[in-house]
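For reference, the structure is listed below as structure tokens.
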Amino acid sequence: MTKPADFPPPFRAADFVAAPSDPQDERIEVGVLIVGAGPAGLACAIRLGQLLEDAREVRERLGEVPVAVLEKGKQVGSHLLSGAVVNPRALRRLFKGRKRIDEMPFYGPVAHESVYFLTKQNALRIPAPPTMRNDGNYVASLSRLGRWLAEQAEEAGAMLLPETAAEKLLVSDGRARGVRTGDKGRGRDGQPLGNFEPGADLVAKVTVLAEGTQGHLTGVALDRFGLAGENPQVWALGVKEVWKVARPLDRVIHTMGWPLRPGAKYREFGGSFIYPMGEDMLTLGMVVGLDYRDVELSVHDLLQELKTHPLVRKLLEGGERVEWGAKTIPEGGFLALPKQLHAPGLLICGDGAGLVNVPALKGIHYAIESGSLAAEAAFAALQRGQTPATPGALSVYDDALKQSFVWKDLYEVRNMRPAFGRGFVVGGALAGAMTATKGRFPRRDLQLERDVDVDLIRTDRAKSYPAPDGKLTFDKLSSVFAAGNKTRDDQPNHIVIRRDVPPDLAELWERMCPAQVYEATETGVDVTPSNCVQCGAITAKGGRLTPPESGSGPEYKLT
Numbered sequence: 007m008t009k010p011a012d013f014p015p016p017f018r019a020a021d022f023v024a025a026p027s028d029p030q031d032e033r034i035e036v037g038v039l040i041v042g043a044g045p046a047g048l049a050c051a052i053r054l055g056q057l058l059e060d061a062r063e064v065r066e067r068l069g070e071v072p073v074a075v076l077e078k079g080k081q082v083g084s085h086l087l088s089g090a091v092v093n094p095r096a097l098r099r100l101f102k103g104r105k106r107i108d109e110m111p112f113y114g115p116v117a118h119e120s121v122y123f124l125t126k127q128n129a130l131r132i133p134a135p136p137t138m139r140n141d142g143n144y145v146a147s148l149s150r151l152g153r154w155l156a157e158q159a160e161e162a163g164a165m166l167l168p169e170t171a172a173e174k175l176l177v178s179d180g181r182a183r184g185v186r187t188g189d190k191g192r193g194r195d196g197q198p199l200g201n202f203e204p205g206a207d208l209v210a211k212v213t214v215l216a217e218g219t220q221g222h223l224t225g226v227a228l229d230r231f232g233l234a235g236e237n238p239q240v241w242a243l244g245v246k247e248v249w250k251v252a253r254p255l256d257r258v259i260h261t262m263g264w265p266l267r268p269g270a271k272y273r274e275f276g277g278s279f280i281y282p283m284g285e286d287m288l289t290l291g292m293v294v295g296l297d298y299r300d301v302e303l304s305v306h307d308l309l310q311e312l313k314t315h316p317l318v319r320k321l322l323e324g325g326e327r328v329e330w331g332a333k334t335i336p337e338g339g340f341l342a343l344p345k346q347l348h349a350p351g352l353l354i355c356g357d358g359a360g361l362v363n364v365p366a367l368k369g370i371h372y373a374i375e376s377g378s379l380a381a382e383a384a385f386a387a388l389q390r391g392q393t394p395a396t397p398g399a400l401s402v403y404d405d406a407l408k409q410s411f412v413w414k415d416l417y418e419v420r421n422m423r424p425a426f427g428r429g430f431v432v433g434g435a436l437a438g439a440m441t442a443t444k445g446r447f448p449r450r451d452l453q454l455e456r457d458v459d460v461d462l463i464r465t466d467r468a469k470s471y472p473a474p475d476g477k478l479t480f481d482k483l484s485s486v487f488a489a490g491n492k493t494r495d496d497q498p499n500h501i502v503i504r505r506d507v508p509p510d511l512a513e514l515w516e517r518m519c520p521a522q523v524y525e526a527t528e529t530g531v532d533v534t535p536s537n538c539v540q541c542g543a544i545t546a547k548g549g550r551l552t553p554p555e556s557g558s559g560p561e562y563k564l565t
């Protein structure tokens, strides 16, 4: 049988590590450099601003730009996507005495919730598992929340640099020194065009990687500094839509079962969510683990199929789709955490570190908390007499994270995700025992298997996908348009894969990709990189996504 791991991409992490190369007087120097303007990176910037308010000496030592935040998208929020129901705990700590929850851009608290087990035509309401209860949580658009957090970060003194992709990790003398940004204005074959702008070295006393899921430099740093843990990270792919609807939804809804198959041989783990967004909008999405086996499975098409279910169709009647997007989710949890989240001059936080609680469907508040703790660790290491570049100087970050609710929450559910590799029924029974014992069962931790190491099978799954009608169900290309994708057609290819792959793998990639980037051919696979919405699924399943030209990709506003 074919495995994606048998056809690894021609990618070397070492090619994306370099010493600073710009002349000393041309380097852009900042105090703390944060890569990624998501919830973790922006929380880090906000907390640093708070700490620097009364630390004039440290602030002056950090130079003209004490805190800088890089964002590869067109603007902050352009690449942010989540469900999202947010636990406000970390936001309350971050803004204590400064902002109230009702000042934040939420659509409101969760008033009611329902969980259903679906068959093709029926919906059986079941009690919400303890991990999925959302009392006290708030519905949000992560893109919208990110833009608000960016405003708070700028007010706190951070400099935001949108349309700036971090391509290489700068390392010298065994410590992280910053990043080199990618070139702009190159043609398809790499030739400089008339608007060419070379990248630049951004050097910093501390570099914080908060790149989110499938972070490019996070993967490079784990390799360069030997930080990877004992278990590999595993991933899910989420595809979601935002709809204007005729009738308001008064609850959050989660579903299990159909259109996924329960048999262990398929390894189809996931479900759907439907959340209200005010009086006239809702969002719905499908999330499926990328350790699935069937080459004909397509998460985008499963979402279209889900919408034909009577329960869901009724909610969308008279409505209109207004936005679409896709993103991977790290699902390995506690078992897949790096063995440490710091290196000399470097910190890693948020989804890039794998801080996601899959059974609870939560990660945003962990990202915010880890960003805040990273800021506190960086600030402590910047005091007079301290040097962030010294080995172990930033270890207080790991210590603080281990003492936080983040560590406790992830530890208690650490074995749930691998349990579902044994099928829905067995996995559900094991998860129940794990919940009842708060993680004390089983006595020995389970092991994770890389998504690329799963043997592929082929079924006739694709024949049940509904044909797109442009009203309820949609094809992939129209969905890319609904993501606001603005990637230039003639920019260099940013996707690293083997092209000479067997038909099973070529079809797997074609079906898997929600943006129709890959096309199976007689000799392997063709690639249309300008369709890419940078979801990261290819990195989980046999390729490697690298940063495209700055400002490329989707322009999410409501996801």
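The numbering used here puts the sequence shown at residues 7 to 565. A virtual CB, placed ideally from N, CA and C, is assigned to each residue, including glycine.
Query: Same chain, Cβ closer than 8 Å to M283, five either side skipped, listed in chain order; Result: Y113, V145, S147, V248, T289, L564
Query: Meets three-Cβ-pair contact criterion under 8 Å: the segment 339-358 and the segment 530-544; Result: no
Query: Neighbourhood of L130 by C-beta, 6 Å cutoff - its chain only, sequence neighbours within 5 removed; Result: F123
Query: Cβ-based burial, G358 [other Cβ within 10 Å; buried from 16]; Result: buried
Query: Residue from P136, S536, A489 whose Cα sits closest to the Cα of E329; Result: A489
Query: Opening and closing residue of the beta strand (DSSP E) in which A74 lies; Result: 73-76
Query: Contact check, A373 vs L361, beta carbons under 8 Å; Result: yes
Query: R150, DSSP secondary structure in three states; Result: helix
Query: Under 8 Å between C-beta atoms of D297 and E169; Result: no
Query: Short Cβ contact (8 Å threshold) for H371 with R139; Result: no
Query: Which of helix, strand or coil DSSP assigns to T187; Result: strand
Query: For I335, the residue or residues it bridges with in DSSP; Result: A242
Query: Continuous beta strand (DSSP E) stretch holding I40: start and end; Result: 34-41
Query: Start-end ranges of the beta strand (DSSP E) lying completely within the segment 333-395, minimum 3 residues; Result: 352-354
Query: Neighbour-count burial assignment, E70, 16 or more Cβ in a 10 Å radius; Result: exposed
Query: Anticipated Cβ contact below 8 Å, P10 with L511, distance rounded; Result: 6 Å
Query: Contact check, V458 vs M440, beta carbons under 8 Å; Result: no
Query: Residues sharing a beta bridge with D300, DSSP; Result: I463
Query: Where the beta strand (DSSP E) through Y524 begins and ends; Result: 524-526
Query: Cβ-Cβ distance between V245 and M292 below 8 Å; Result: yes
Query: Of the residues L208, E513, P520, Y471, the one placed nearest T529, counting alpha carbons only; Result: E513
Query: Inter-stretch contact (C-beta, 8 Å, three-pair minimum) for the segment 185-192 and the segment 554-563; Result: yes
Query: Proximity below 8 Å, CB of Q158 to CB of I40; Result: no
Query: Residues that A51 bridges to, as DSSP identifies them; Result: Paired residue(s): none; A51 is not in a bridge.
Query: Test item: CB-CB of K266 and R467 under 8 Å; Result: Lys is not the amino acid found at residue 266; the sequence shown has Leu there. The answer is no: Cβ separation not under 8 Å.
Query: Cβ pair Y471, E274 closer than 8 Å; Result: no
Query: Inside the segment 206-265 only - beta strand (DSSP E) runs reaching at least 3 residues; Result: 207-215, 241-250, 258-263
Query: The segment 73-84 in contact with the segment 407-415 per 3-pair CB rule at 8 Å; Result: no
Query: Run of the beta strand (DSSP E) containing Y471, from where it starts to where it stops; Result: First-last for Y471: undefined, no H or E at that position.
Query: Close Cβ partners of L57 (< 6 Å) along its chain, the five nearest in sequence each way excluded; Result: F385
Query: Coil, strand or helix - I107 by DSSP; Result: helix
Query: Straight-line gap, Y403 to A383 (C-alpha atoms, nearest Å); Result: 5 Å
Query: Simplified DSSP state of F22, which is helix, strand or coil; Result: helix
Query: Segment limits, beta strand (DSSP E) that includes E173; Result: 172-178
Query: Closest residue to V412 among V23, G180, G369, H260 (Cα-Cα distance); Result: G369
Query: Coarse secondary structure for N537, derived from DSSP in three states; Result: helix
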